[in-house]
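Protein chains in written order, with our numbering: chain A, 1479 to 1720; chain B, 1479 to 1720.
Number of protein chains: 2
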Amino acid sequence: MKTDHQLQVAIKDSILFRDSSDAFISKIAAKGSMTHYKKGKILFVHEDQAKRFFLVKNGWVKLFRETLDGEQAVVDMVTSGQTFGEAALFQDNIYTYSAEAIEASDIISIPLSLLQFEIDNNPKFVKTLLFYNASIRQLKDKEIEHRSLQNASQRIGCFMLRLVDQEKLGKTNIHLPYDKMFVAAKLGMKPETFSRALKRLKKDTKIRVKGATIEIDNLQQLSDYACRACSFEFPCADLKKD
Amino acid sequence: MKTDHQLQVAIKDSILFRDSSDAFISKIAAKGSMTHYKKGKILFVHEDQAKRFFLVKNGWVKLFRETLDGEQAVVDMVTSGQTFGEAALFQDNIYTYSAEAIEASDIISIPLSLLQFEIDNNPKFVKTLLFYNASIRQLKDKEIEHRSLQNASQRIGCFMLRLVDQEKLGKTNIHLPYDKMFVAAKLGMKPETFSRALKRLKKDTKIRVKGATIEIDNLQQLSDYACRACSFEFPCADLKKD
DNA sequence: GCCACTCCTTGACCTTTGTCAATTCAAATA
DNA sequence: TATTTGAATTGACAAAGGTCAAGGAGTGGC
């Protein structure tokens, strides 16, 4: 089928499965199904029983948790090629966060049992999963550091730097991938704080902001500003080899 | 030898190796060596070439990073049964943080090559490592949440709750495992803030603080206070099955 | 083209945490 | 026991971020 082929391509393009055998990818494609979600659609909520995990074909999904009094913490934002919900395998098949499409998104869902089977029977895949997890862990460590050492403007600058095409080192434009209110949430600040911090960033680094488009004339100036409060040098090692 | 036996026991008691075969444990013990470190001793620094990883027999080690202007962020505090430095395997054999003994500690160092060999040849161990990493990743997610949703007093309360023996539900005493300034650093706040927040916590939850000893009469009151700003219920799932 | 909706921004004010300096406290050593 | 040293606390103040309320801007639907 056409759809089946689409699935295969999307799976083959994903971070987790790009090195998998064609046989395994076919198996996943056979059991997987793709759904389109509108912006705002909730896919599952924290503590739901987990039967499937998800692979984003395109769009953006917010992973988050809520406290009793309605406060929300963003766990992650995931996009094309990334998976979510697979961590439930290690948490008694309970989702440890809720998931919401924050842009119109095409998302492939795959039975967790398939992943479980592969973990039990395919050592090579387990190794892939291990490396995948290790790199996420590393990113989380960095994020915790950013929360304690960078102020709001620096965190926004850092967020932008991660969007920059690492090839070109002169002037660049970037495009915020989703609404500013979600960027704020991802960075752990309120929209009002984001707005004011962005203004300060503009003044201090001479970037220009036109809606969701950011024009960066001097990348060095931006990285000096943001990475001053970070223990890693720009460009971040985890972005280089991509 | 006596020492060799000591090593074997410590390794067998560790989280990462408790399910390993006796053969593997002997191999580790043979290549590992135990060293005593005084409080304040630096074991390695961020971006050092990594040849060995470490297993804490007893004591406490602070894993941290520093920015150019001397600010410090704590990545983790590790103690008996926990390992550190092993993540370098996934980072081109470069340590991604510095390590300092913050209490007098006995620490076993083991060649990373041994771990690498096992990853390449022992699928069962890879699976163990995968689960180990997954649970750490889960903890990191929770920590990021805490940073955005809990205030200083609540974070201290949460820290205490994690030290409570989960068996007894009435009155308990706990003992802070290391200096308050390090607890503050671990929780991402300044010592002065810690001191003031602890005072507020005392007033609000009726705990009593005598130096490093905390007397908790009403666990419920403490968990109500701290976990109100958390998306998980007390007692935390990751503590229950221990 | 107009309406409605959501996102974004701004101002005024408040709360929390950080900073700096001065003490106090307590454990370790002589 | 006296001394020294690092840890912990406190006060006064500053800075960062959050809250609440109002208004502006952009976008999609009709």
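Glycine included, every Cβ here is placed at the ideal spot set by N, Cα and C. Computed from a predicted model, the values in this text were never measured in an experiment.
{"query": "Proximity of Ala-1707/B and Thr-1545/A at Cβ, strictly below 8 Å", "result": "yes"}
{"query": "Inter-stretch contact (C-beta, 8 Å, three-pair minimum) for the region 1636-1643 of chain B and the region 1693-1711 of chain B", "result": "yes"}
{"query": "Residues bridged to Val-1534/B (per DSSP)", "result": "Ile-1585/B"}
{"query": "Whole runs of the alpha helix (DSSP H) within the region 1606-1651 of chain B, excluding any shorter than 4 residues", "result": "1630-1639"}
{"query": "CB contact check: Ile-1706/B to chain A, cutoff 8 Å", "result": "According to the sequence displayed, residue 1706/B carries Arg and not Ile. Closer than 8 Å: yes."}
{"query": "Secondary structure of Asp-1720/B, DSSP reduced to three states", "result": "Residue confidence for Asp-1720/B is low, a pLDDT of 48 falling below 50, so the modelled location carries little weight; the figure read from the coordinates is stated next. Coil at Asp-1720/B, not helix or strand."}
{"query": "Chain-ordered residues of the region 1618-1635 of chain B with a beta carbon less than 8 Å from chain A", "result": "Lys-1618, Asp-1619, Glu-1621, Ile-1622, Glu-1623, Arg-1625, Ser-1626 and Leu-1627"}
{"query": "Residues from the region 1551-1573 of chain B in contact with chain A, defined by Cβ distance under 9 Å", "result": "Ala-1551, Val-1552, Val-1553, Asp-1554, Ala-1565, Leu-1567, Phe-1568, Gln-1569, Asp-1570 and Ile-1572"}
{"query": "Neighbour flag for Asp-1720/B against chain A, beta carbons, 8 Å", "result": "For Asp-1720/B, the predicted structure reports a pLDDT of 48, less than 50, and the residue's modelled location is therefore unreliable. A value from the coordinates is still provided. No, because no Cβ of chain A sits closer than 8 Å to the Cβ of Asp-1720/B."}
{"query": "Enclosing beta strand (DSSP E) for Gln-1550/A [first to last residue]", "result": "1550-1557"}
{"query": "Close Cβ partners of Ala-1630/B (< 6 Å) along its chain, the five nearest in sequence each way excluded", "result": "Met-1667, Thr-1671 and Ala-1675"}
{"query": "Leu-1647/B beta carbon less than 8 Å from that of Ala-1551/A", "result": "no"}
{"query": "Where His-1524/B sits in the DSSP three-state scheme", "result": "coil"}
{"query": "Pro-1713/A at chain B interface by Cβ criterion, 8 Å", "result": "no"}
{"query": "Beta-carbon proximity list for Phe-1522/B, same chain, < 8 Å, skipping 5 on both sides", "result": "Ala-1528, Gly-1563, Tyr-1573, Ser-1576 and Ala-1577"}
{"query": "Whole-number beta carbon distance between Arg-1496/A and Lys-1618/B, since they are thought to touch under 8 Å", "result": "Not really, about 25 Å apart at Cβ, beyond 8 Å."}
{"query": "Proximity to Thr-1557/B [Cα-Cα], best of Phe-1712/B, Pro-1655/B, Pro-1669/B and Asp-1482/B", "result": "Pro-1655/B"}
{"query": "Residue environment, Met-1659/B, which counts as buried when at least 16 other CB atoms sit within 10 Å", "result": "exposed"}
{"query": "Amino acids of chain A, ordered along the chain, whose beta-carbon sits closer than 9 Å to that of Val-1539/B", "result": "Within chain A, no residue comes near Val-1539/B; the closest Cβ sits about 15 Å away, beyond 9 Å."}
{"query": "Identity of the residues DSSP links to Leu-1541/B by a beta bridge", "result": "Asp-1554/B and Ala-1577/B"}
{"query": "Where the region 1666-1687 of chain B meets chain A: residues whose CB sits under 9 Å from a CB there", "result": "Gly-1666 and Met-1667"}
{"query": "Buried or exposed (CB count within 10 angstroms, at least 16 for buried), Phe-1686/B", "result": "According to the sequence provided, residue 1686/B is Arg. The question's Phe does not apply to it. When all chains shown are included, Arg-1686/B counts as exposed."}
{"query": "Opening and closing residue of the alpha helix (DSSP H) in which Met-1667/B lies", "result": "Segment: none, Met-1667/B is in no alpha helix (DSSP H) and carries neither H nor E."}
{"query": "The region 1595-1611 of chain B: positions lying closer than 8 Å to chain A by Cβ", "result": "Ile-1597, Pro-1601, Val-1604, Lys-1605, Leu-1607, Leu-1608, Phe-1609 and Asn-1611"}
{"query": "Interface residues of the region 1504-1525 of chain B facing chain A [CB-CB below 7 Å]", "result": "His-1524"}
{"query": "Under 9 Å by beta carbon: chain B residues contacting Gln-1616/A", "result": "Ala-1565, Phe-1568, Gln-1569 and Thr-1574"}
{"query": "Within-8 Å CB hit, Thr-1545/B to chain A", "result": "yes"}
{"query": "Closer than 8 Å at the beta carbon, the chain B residues around Glu-1549/A", "result": "Leu-1627 and Ala-1707"}
{"query": "Residues that Val-1687/B bridges to, as DSSP identifies them", "result": "Ile-1692/B"}
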